[in-house]
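Undergrad:
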Amino acid sequence: VVAWTGMITAYVQCKEYLLAQKCFAKMQEEGPKPNIVSWNAIIATYARHGDGVPALECFQNMQINGLKPNKVTFSAILKACCCIGAIEQGRLIHEQVIESGLQSDIVVRNTLVDLYARSGNFEEAHVVCNGLASRNLLTWGSIIAGHAQCGNVKLALQCLENMQCEGVKPDGVIFSSILAACSHAGLVDLGVTYFKSMSDYHGILPDICHYTCMVDLLSRSGYLNEAENLLQIIQPD
RNA sequence: UGACGCGAGCGGG
Numbered sequence: 020v021v022a023w024t025g026m027i028t029a030y031v032q033c034k035e036y037l038l039a040q041k042c043f044a045k046m047q048e049e050g051p052k053p054n055i056v057s058w059n060a061i062i063a064t065y066a067r068h069g070d071g072v073p074a075l076e077c078f079q080n081m082q083i084n085g086l087k088p089n090k091v092t093f094s095a096i097l098k099a100c101c102c103i104g105a106i107e108q109g110r111l112i113h114e115q116v117i118e119s120g121l122q123s124d125i126v127v128r129n130t131l132v133d134l135y136a137r138s139g140n141f142e143e144a145h146v147v148c149n150g151l152a153s154r155n156l157l158t159w160g161s162i163i164a165g166h167a168q169c170g171n172v173k174l175a176l177q178c179l180e181n182m183q184c185e186g187v188k189p190d191g192v193i194f195s196s197i198l199a200a201c202s203h204a205g206l207v208d209l210g211v212t213y214f215k216s217m218s219d220y221h222g223i224l225p226d227i228c229h230y231t232c233m234v235d236l237l238s239r240s241g242y243l244n245e246a247e248n249l250l251q252i253i254q255p256d
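Residue 20 is where the first sequence starts when you use the numbering used here, and the numbers rise one by one after that.
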């Protein structure tokens, strides 16, 4: 079983998802019975591909085969639900998570937060987020990105403050979300302020993504000269 | 016990 599963995971690591899936099919036909790790590996291939439907089928199938999902299974399948916007499925799986007592796992919780935040269900996202244990940078990142995507700059900025109050330091990804939100809302001054604060207060070097955001922000609002000036600053690469 | 899982933004195409 370990040998077969090793084959599958090797294919997954090389991004040879089709080969991994073929290998799994062959294992089911003529190899030993797949164990939890084999199933998790194959579910992960679908989840990474954004193929939510086959991922869910596998998830059902493994349970039919009498295997109980573990925290690895849950994080993979929740990611799959997130990709295809299967919020209802996600809620059902959320219940299963609670039944299994795995809701305290930080990775599982982050995938749940991500699922809810990206689908605009912020109340549920916050409930998961407030549930006991530690939030980390990734948890906040999901929530802020969710707010940013909904065009809710105020809430995104509020989250930024809240996370800093808790002693979590924002990283470059967080600022990308913030800048993007400002861009969509046409809040040029605010965006510029945060862009400056990155290097001034947070010790984060803006990367190409941030410059792209700023150019986008400036030119959308008609500050074409400023946008061109910024372009000059960026090192050709 | 672990061979499996672990979040993200803009624009363009």
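Ideal placement from N, C-alpha and C gives every residue a C-beta, glycine not left out.
For D124, which residues of its own chain have a beta-carbon under 7 Å away from its beta-carbon, when the five flanking residues on both sides are left out?
TA: Hits under 7 Å: K90.
Undergrad: Please say whether G165 and R128 have beta carbons closer to each other than 8 Å?
TA: Cβ atoms of R128 and G165: not closer than 8 Å.
Undergrad: CA-CA distance, H229 and A44?
TA: One C-alpha to the other measures close to 44 Å.
Undergrad: For the alpha helix (DSSP H) containing G165, list its first residue and its last residue.
TA: Segment 156-168, the alpha helix (DSSP H) holding G165.
Undergrad: Is K98 helix, strand or coil when you go by DSSP?
TA: Three-state DSSP puts K98 in a helix.
Undergrad: Among V211, H68, E49, G186, which has the Cα closest to the Cα of F194?
TA: Among V211, H68, E49, G186, the Cα nearest to that of F194 belongs to V211.
Undergrad: For a quick check, are the C-beta atoms of L198 and L236 less than 8 Å apart?
TA: Result yes, Cβ atoms of L198 and L236 sit closer than 8 Å.
Undergrad: From H221 to N171, what does the alpha carbon distance come to, in whole angstroms?
TA: Between H221 and N171, the C-alpha separation is close to 23 Å.
Undergrad: First and last residue of the alpha helix (DSSP H) that includes Y135?
TA: First-last of the alpha helix (DSSP H) with Y135: 125-137.
Undergrad: Would you check if the stretch 74-94 and the stretch 113-124 touch, i.e. whether three or more CB-CB distances between them fall below 8 Å?
TA: The stretch 113-124 is in contact with the stretch 74-94.
Undergrad: Report the three-state DSSP secondary structure of V187 (helix, strand or coil).
TA: Of the three classes helix, strand and coil, the one that applies to V187 here is coil, per DSSP.
Undergrad: May I have the straight-line CA-CA distance separating C201 from L37, to the nearest angstrom?
TA: Answer to the nearest angstrom: the Cα atoms are 40 Å apart.
Undergrad: In three-state DSSP terms, what is D208?
TA: Helix at D208.
Undergrad: Excluding the 5 residues flanking L250 on each side, which residues of the same chain have their C-beta closer than 7 Å to its C-beta?
TA: Only V234 meet the Cβ criterion.
Undergrad: Beta-carbon separation of V31 and T64 under 8 Å?
TA: Closer than 8 Å, so yes.
Undergrad: For the alpha helix (DSSP H) containing A73, list its first residue and its last residue.
TA: Ala is not the amino acid found at residue 73; the sequence shown has Pro there. Here the alpha helix (DSSP H) through P73 covers 71-83.
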